[in-house]
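Asker:
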């Protein structure tokens, strides 16, 4: 049975994102809420109104599509945007090679730790006798690749101070930190990284994780960010937390089978997904970021005056297929 | 079937929290990892070694115990520490009164939005004909109570800069921001707040939410933080996300029934839960915070040099009962 929420809840919801079914709330006249919302746009309204020229396509070779075994409520797909070649190039090439080899098919999500990560790959990777061999020729990458020389300026510089770095901003669609000499991607909600062992040259990209909690920024420059989830993160973040330390699924029945991981560029045309992201150098992005840092829509009494880089995700939208 | 993880994984896990079953990882000699971990302690080791005098009891009147209907894997309990009387006093008094009246029993979790909040209370609160009346005499509180005059110094001052405020720190066990004139609690993962409608005097405390994503700091000073989840947040954060906008459970079958919400002080003695928190003014907390900002244990190559206030949660531990 589906119950439509009363109209006021919908309006308030659109304006605030945080008020619903408050039993003691006065029902404000819908007109009042609508007028207030129209007077000062929300960040979402800015994004919706951005001209076509402020959007850019995400290359199908930069889209990794993970299909988990269906859950109680249907298919579970997670779409990941791979980071551009200015960062983590060798790992991303490994990931493309693993996807083309269908290497992840039949592996699983093996660990979900609350307020931290969901992690997937070969569940027998620790066991030399049972570990699934990776394709020969995968690059071995180490910590020198975690940051790169800052040869180009970011597309957007965040004016707010940061607890972890001299500066933050956006480059190639990803949150970054920089110090005028080096630049590196940061760990935010939805970031995808390369799990590794103690030694920094032990992660190939075959074992990946996605952040499902508060930004674990201490991992920046210690582990490689190779992508970000742009659709379907809830299929990872709402999985049961593992009962063992670090959220490991010590109960093997909890493992979530991975049916396939493919590059969108390798998928049949009809299934191919097309996404665009808002250009971080555009006027629309600048306005979106300013409004994210200073909410003036009806709900907000006191604008913050700033936003940390993980509260400024680059907006993404689906593009209808050509079929 | 339970499989014990190989010893190396356990060691790496303890040291890093982010490396497991990497199929291509070299198996480091356990001795090497153990030595490295012993040389520089982890924040968790500092907390475990803190003397009894660095801990303080959390009053049973400050513990709110929410029992959801059992899930597939058993009971689902969420324990919330209510914020101290220096903040949000009127809302917390309302919450105690609602708990003593067993007001929430039979209500439900009605909304779970990814990377944002899980929200509970009267599912019919919007419908005047069906809304559950709140006890008479609940205080009506408005935005003047969202911040208070900074009459006392925080217990701990975070040296790292913040995107949202002049300063951050800890007061009464909670993350706070301050500017030398006013002080206010901040929204972090696990924070519990008072949902309201557009008008700031519409939240009594009967409708509450818990943060289950990246810190939504723009809500600071716009909505009242009244507590933080100290145990069982996974019982909220792993719930299915609602299909309607804002994560509302428009499919009523998704609603998660609340069996009861009680103050620990009102629970029978044998069931009473006892918790302690690390004093934020203690030497142990200072060392814990310094190590959280500068990880030196074996996994980390590059310490961050700082931590945002939401990455410095005040540690809590259970105290065995007297039975």
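Residue numbers (my numbering), protein chains in the order written: chain A, 1 to 323; chain B, 324 to 646. We treat Cβ as the ideally placed atom computed from N, Cα and C, and that holds for glycine.
#1: Report yes or no: do the segment 72–80 of chain A and the segment 294–306 of chain A share at least 3 C-beta pairs separated by less than 8 angstroms?
#2: Answer yes or no: does any C-beta atom of chain A fall closer than 8 angstroms to that of residue 502/B?
#3: So is residue 16/A buried or exposed if we call it buried at 16+ other beta carbons inside 10 Å?
#4: Short of 8 angstroms in beta carbon distance, which residues of its chain neighbour residue 300/B, apart from the five on each side in sequence? Order them along the chain.
#5: Residue 276/A to residue 63/A, Cα distance in whole Å?
#6: Any beta-carbon of chain B closer than 8 angstroms to the one on residue 302/A?
#7: If you measure beta-carbon to beta-carbon, which residues of the segment 460–491 of chain B are closer than 7 angstroms to chain A?
#8: Measure from the alpha carbon of residue 473/B to the alpha carbon of each residue in 448/B, 491/B and 460/B, then state which is nearest.
#9: Please identify, using Cβ separations under 7 angstroms, the residues of the segment 225–246 of chain A that lie next to chain B, in order along the chain.
#10: Please tell me whether residue 108/A has its Cβ less than 8 angstroms away from any Cβ of chain B.
#11: Would you call the segment 257–273 of chain A in contact with the segment 38–45 of chain A, where contact means no fewer than 3 C-beta pairs closer than 8 angstroms?
#12: Short of 6 angstroms in beta carbon distance, which residues of its chain neighbour residue 358/B, apart from the five on each side in sequence? Order them along the chain.
#13: Between which two residues does the beta strand (DSSP E) containing residue 113/A stretch?
#14: In the segment 355–401 of chain B, which residue ranges form an unbroken alpha helix (DSSP H) of at least 4 residues, counting only runs that do not cross its ends?
#15: Can the beta-carbon of residue 191/A be found closer than 8 angstroms to that of residue 212/A?
#16: For a cutoff of 8 angstroms on Cβ pairs, would you count residue 521/B as touching chain A?
#17: Answer yes or no: do residue 91/A and residue 109/A have a C-beta to C-beta separation smaller than 8 angstroms?
#18: Taking only three categories from DSSP, how would you classify residue 445/B?
#19: Report the CB separation of residue 112/A from residue 247/A in whole angstroms; it is logged as a contact under 8 angstroms.
#20: Specify the secondary structure class of residue 314/A as computed by DSSP and reduced to three states.
#21: Restricting to Cα atoms, I'd like to know which of 518/B, 487/B and 595/B is closest to residue 445/B.
#22: Label residue 185/A either buried or exposed according to how many other C-beta atoms from any shown protein chain fall within 10 Å of its C-beta, with 16 as the threshold for buried.
#23: Identify the contact partners of residue 537/B in chain A, using a Cβ-Cβ distance below 8 angstroms as the criterion.
#24: What separation, rounded to the nearest whole angstrom, lies between the Cα atoms of residue 249/A and residue 635/B?
#25: Check the Cβ-Cβ distances between residue 218/A and every residue of chain B, and say whether any is below 8 angstroms.
#26: Just verifying my parser: in three-state terms, what is the DSSP assignment at residue 345/B?
#27: What does the Cβ neighbour count give for residue 384/B, buried or exposed, with the cut at 16 atoms within 10 Å?
#28: Could you pull out every residue in the same chain whose Cβ sits closer than 7 angstroms to the Cβ of residue 345/B, ignoring the five residues on either side in sequence?
#29: Going by beta carbon distance, what residues of the same chain come within less than 6 angstroms of residue 465/B, once the five residues before and after it are set aside?
#30: Taking residue 551/B as part of the beta strand (DSSP E), name the residues at either end of that continuous run.
#31: Contact check, residue 533/B vs residue 552/B under 8 angstroms by CB: the rounded distance?
#32: Measuring only the C-alpha atoms, how far is residue 408/B from residue 39/A?
#33: Quick one: which chain A residues come within Cβ less than 8 angstroms of residue 608/B?
#34: Would you kindly work out how many angstroms separate the C-alpha atoms of residue 87/A and residue 530/B, rounded to a whole number?
#35: Looking only at its chain, what residues have a beta carbon closer than 8 angstroms to the beta carbon of residue 358/A, apart from the 5 residues adjacent to it on each side?
#36: Please return the same chain residues whose Cβ sits closer than 6 angstroms to the Cβ of residue 231/A, not counting the five positions on each side in sequence.
Answerer: Well, looking at it:
#1: no
#2: no
#3: With a pLDDT of 39 at residue 16/A, under the threshold of 50, the modelled position of that residue is not reliable, and no figure is offered here.
#4: This structure leaves residue 300/B out entirely; chain B is present only between 324 and 646.
#5: 11 angstroms
#6: yes
#7: 466, 483, 484, 485, 486 and 487
#8: 491/B
#9: 233, 234, 237, 238, 239, 240, 241, 245 and 246
#10: no
#11: no
#12: For residue 358/B, the predicted structure reports a pLDDT of 43, less than 50, and the residue's modelled location is therefore unreliable. A value from the coordinates is still provided. There are no such residues.
#13: That residue, residue 113/A, is in no beta strand (DSSP E); it is neither H nor E in DSSP.
#14: 366–371
#15: no
#16: yes
#17: no
#18: coil
#19: 5 angstroms
#20: coil
#21: 518/B
#22: buried
#23: 188, 189, 213, 214, 215, 310 and 311
#24: 27 angstroms
#25: yes
#26: Bear in mind that a pLDDT of 29 at residue 345/B, under 50, signals an unreliable position, so the number given afterwards is only what the model happens to contain. Looking at residue 345/B - three-state DSSP - the assignment turns out to be coil, as it is neither helix nor strand.
#27: exposed
#28: Reliability fails at residue 345/B, whose pLDDT of 29 lies under 50, so the model's placement of it is uncertain and the value that follows must be treated cautiously. Answer for residue 345/B: no residue qualifies.
#29: 523 and 524
#30: 548–554
#31: 5 angstroms
#32: 37 angstroms
#33: Going along chain A, no residue has its Cβ under 8 angstroms from residue 608/B, so there is no contact; the nearest lies around 17 angstroms.
#34: 44 angstroms
#35: Any question about residue 358/A goes unanswered here, given that chain A covers just 1 to 323.
#36: 79
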